[in-house]
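Colleague: Taken in sequence, the protein lines are chains A and B.
So the first sequence is residues 1 to 248, counted in my numbering.
So the second sequence is residues 1001 to 1183, counted in my numbering.
I'd like to ask some things about the structure below.
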Amino acid sequence: MTTVADLDPKRDMELIRSRVIHAFESQDDIVPLLQDLAERNPVALADLLVGAKAPEHADWVMATLEVVDHLEQALAPNGLYGRLAALHPDTAHAVLATAARRHPAGSWLISMSRKIEGQHAGKTHLLACLGHPAFAQNCWSHAQAGHLPGLIEVAAETGRPEPAAALAAHGHLDATGLAIVETLTHTPNSPVIPMVAAVWGPDVTALLHRCLPHLRSRRVALSLHGQSNGYPAFSSLLDTVIRAMVHA
Amino acid sequence: MDIRAHFHGAHGRLPFVGHFSFRQQFGDLAIAAAGTVAGRADLTAAFRAAREVEMVLSGLPARTASNRHDMLNMAWSLISDIDACDLGPRGGDDLCVLFAAADTDGMGIAGMGLGGVWSLDGAQLQALVTGDHPLLGGPGRPRRLPGVLTLDEVVHTVVAVSHDHPVPTLSPVGLRARCGVRA
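The following block contains the structure:
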């Protein structure tokens, strides 16, 4: 039995709030109190945790994330996670990661990513939805929003072809070149050139040339060569580049 | 003489799966081709098949052709001689291709798997064939090149959509990008 079990959320909300905040300030585990309240009144729980009087404290946010499934019964997810992220900057990334895991297809995550991750926008969201059907669409949305470094980091960490293809689809040519190289560095046989061609059009030589300044490894250059030998002029140029590279 | 053939992309996030393009010029003779093969196969298979078509067409002996009809027949022979196993899982039965060849007397247009063909002059699109014209039909690789549409005047750019393209009309706005032409 918790210290709020005998209180009625409709009548005793301020008493509940003071008991939970007292427990929080005493560094007691407040999650059992929150779960007790969640089962009886999710709206009261939402008011307590993310309402105007919610403490702006990192540990408060982390405790809130423990009962976020209950909160989603009372609040729309974009408002809920936006408010939670605003409560404390140290936990904003954790909030974003939770939001991305629970709502991988949420279009509102694009702007939220930008607010929280800044220049690296998209990384948390995309890494959280790698296995979800919305991954490709999310890459396209982040590319459309201009989140280039985030997409390149995802290419580097996953070897998936979608980030480079999304960048090409939105005309970010230099970023596409770098993303192709990062993709092949992680996964040499990733079908990144076929996918880029599928979004760009049959002649991808302009994009292939954008890869050259980023080639640092002979292994990656050979991988690019293997996928670009249908473009004889570029392939010949790449041959020359590869011959000039030290073995790595 | 410089002519271009553009093939409209499909709808969706990956509009140019299996798309290829080619053009060659020799003196007063010019030929251009564009199309798609293995468009419903996986990306890598479609990409390989498309590059195979481009590579084979790049061997077209234009210097031995005497007119546009020679050029078209040579191009079709080259396509016909490609091993089916190099053209994706359907062996080329899904090939859609638009050919345009020109000489000093005019232009010849041929193809397979086409749902509509237009000339593009600046921002002006003009339908070249309509209805049940023999230039329009299903995809594949028949032994001989089907009928050729002859024009007395050379048009700089010819645009086609595939036989299964859902929209029977085209807008010139953004057309080049929708055909995967970026330069």
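Virtual Cβ for every residue (Gly too), placed ideally from N, Cα, C.
What are the start and end residues of the beta strand (DSSP E) that includes B:His1006?
Modeller: 1004-1007 is the extent of the beta strand (DSSP E) around B:His1006.
Colleague: Three or more C-beta pairs closer than 8 Å, one from the region 1126-1146 of chain B and one from the region 1102-1116 of chain B: is that the case here?
Modeller: A contact exists between the region 1126-1146 of chain B and the region 1102-1116 of chain B.
Colleague: In the DSSP assignment, find the unbroken beta strand (DSSP E) run with B:Ala1100 in it and report its ends.
Modeller: That run of the beta strand (DSSP E) goes 1096-1103.
Colleague: Run through chain B and tell me which residues come within less than 7 Å of A:Pro202, C-beta to C-beta.
Modeller: Residues of chain B passing the Cβ test: Phe1016, His1019, Phe1020, Ser1021, Ala1050, Gly1180.
Colleague: Taking 8 Å as the cut-off, does the CB of B:Leu1060 come closer than this to any heavy atom belonging to the ligand GDP?
Modeller: As far as ligands go, the structure on display features none, and thus does not contain the ligand GDP.
Colleague: Can you pull the DSSP bridge partners for B:Val1167?
Modeller: In DSSP, B:Val1167 forms no bridge with anything.
Colleague: By Cβ distance below 7 Å, which residues in the same chain neighbour A:Ser228 in space, the five residues on each side in sequence not counted?
Modeller: So the list reads Ile193, Leu208, Phe234, Ser235, Leu238, once near-sequence residues are dropped.
Colleague: Can a CB atom of chain B be found closer than 9 Å to the CB of A:Met245?
Modeller: So no, A:Met245 is outside the interface.
Colleague: Is A:Arg219 helix, strand or coil when you go by DSSP?
Modeller: A:Arg219: helix per DSSP, three-state reduction.
Colleague: Can you tell me whether A:Ser107 is buried or exposed, with buried defined as 16 or more other CB within 10 angstroms of its CB?
Modeller: Classification of A:Ser107: exposed, given that the 10 Å Cβ count is below 16.
Colleague: Per the contact definition of three or more C-beta pairs closer than 8 Å, is the region 1077-1088 of chain B in contact with the region 1047-1059 of chain B?
Modeller: With a cut-off of 8 Å, the region 1077-1088 of chain B and the region 1047-1059 of chain B count as touching, because enough Cβ pairs lie within range.
Colleague: Using only CA atoms, which one of B:Leu1043, B:Ala1005, B:Pro1015 lies nearest to A:Ser190?
Modeller: Ranking B:Leu1043, B:Ala1005, B:Pro1015 by Cα distance to A:Ser190 puts B:Leu1043 first.
Colleague: How about A:Gln137: is its C-beta nearer than 9 Å to some C-beta of chain B?
Modeller: So, interface residue.
Colleague: Taking buried to mean at least 16 other C-beta atoms within 10 Å of its own C-beta, is B:Ala1123 buried or exposed?
Modeller: Exposed, because fewer than 16 other Cβ atoms sit within 10 Å of the Cβ of B:Ala1123.
Colleague: For the candidate residues A:Pro188, A:Asp12, A:Thr187, A:His142, whose alpha-carbon lies nearest to that of A:Ala175?
Modeller: Taking only the C-alpha atoms, the option nearest A:Ala175 is A:His142.
Colleague: Less than 6 Å between C-beta atoms, sequence neighbours within five positions excluded: which residues of the same chain meet that for A:Val314?
Modeller: Nothing about residue 314 of chain A can be reported from this structure: the residues present for chain A run from 1 to 248 only.
Colleague: For B:Arg1004, I'd like the list of residues in its chain whose CB is within less than 6 Å of its CB, leaving aside the five on either flank, ordered along the chain.
Modeller: Cβ neighbours of B:Arg1004 beyond the five flanking positions: Ala1032, Thr1157.
Colleague: In chain order, what residues of the same chain lie with their CB nearer than 8 Å to the CB of A:Lys10, ignoring the 5 residues before and after it?
Modeller: The answer, listed in chain order, is Asn41, Ala44.
Colleague: Please classify B:Pro1080 as buried or exposed, where buried requires at least 16 other C-beta atoms within 10 Å of its C-beta.
Modeller: Residue identity differs from the one stated: residue 1080 of chain B is Ser in this sequence, not Pro. Burial call: exposed.
Colleague: For the region 172-200 of chain A, enumerate the residues whose C-beta is nearer than 8 Å to any C-beta of chain B, in chain order.
Modeller: Hits within the stretch, in order: Pro191, Ile193, Pro194, Met195, Ala197, Ala198, Val199, Trp200.
Colleague: Can you list, in chain order, the residues of its chain with a C-beta nearer than 6 Å to that of A:Glu153? Leave out the 5 residues immediately preceding and following it.
Modeller: Closer than 6 Å at Cβ, skipping near neighbours: Lys123.
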